[in-house]
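Have a look at the structure below, then the notes.
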Amino acid sequence: MKLVLNTLVGATSSILGEALLLGEKGGLNPAQMMEVISESAVASPLIKYKKDMISAMDFSPAFSVQQMMKDFTLITEAGRAQQIPMFAANLILQQYVSAANVGYGEQDFFALFDWMRAAGGISDA
């Protein structure tokens, strides 16, 4: 059951990161987007829980990129063993691997957003 839940949890970080990056590149403020998203129909307890972390860009780990990478490795292996393609899970695993490879491994798995920002050419420096 843990892998089933973490498939959804890890995917939430990925797709939320992409949505926020799309908005930020279009001129929207991530903290303001999180306010709207956390009160919208797509809000989940997880998104509401991570709202302040994302708004502050403070990715102190509750569950790290490295830990999520390990779980997504197990998720994709379980899918392979059951002959399930796991299209999205394999792509998300590669995101976590790439983020870990450039220094995000010990940060909270929602730091995927910050990694995506860097990949998208946004720098806070």
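In terms of numbering that gives the first Met the number 0, the numbers along the sequence shown are unbroken and rise by one, the last being 124. Even glycine gets a Cβ: it sits at the ideal position worked out from N, Cα and C. The model shown is predicted, which means the values in this text are computed figures rather than measured ones.
Status (buried if at least 16 other CB within 10 Å, exposed otherwise) for residue i
i       : result
Leu-20  : buried
Tyr-48  : exposed
Ile-36  : buried
Asp-113 : buried
Asp-33  : At residue 33 the sequence reads Met, which differs from the Asp that was named. With 16 or more Cβ atoms within 10 Å of its Cβ, Met-33 is classed as buried.
Met-115 : buried
Helix, strand or coil at residue i according to DSSP, with G and I counted as helix
i       : result
Asp-107 : strand
Ser-13  : helix
Ser-63  : strand
Phe-86  : helix
Glu-38  : coil
Ile-121 : coil
Gln-81  : coil
Met-56  : coil
Asn-5   : helix
Asn-28  : coil
Met-115 : helix
Ser-97  : helix
Met-33  : helix
Contact under 8 Å by Cβ, residue i with residue j
i       : j       : result
Asp-107 : Ala-61  : yes
Ala-99  : Gln-65  : yes
Gly-78  : Ala-88  : yes
Tyr-95  : Met-52  : no
Gly-16  : Leu-111 : yes
Gly-9   : Ser-63  : no
Asp-57  : Leu-2   : no
Inter-residue CB distance, residue i and residue j (contact presumed, cutoff 8 Å)
i      : j       : result
Ile-74 : Asn-5   : 7 Å
Ser-43 : Phe-109 : Not quite, the Cβ-Cβ distance comes to about 13 Å (not below 8 Å), so this is no contact.
Lys-24 : Gly-119 : 6 Å
Ser-54 : Ala-30  : 4 Å
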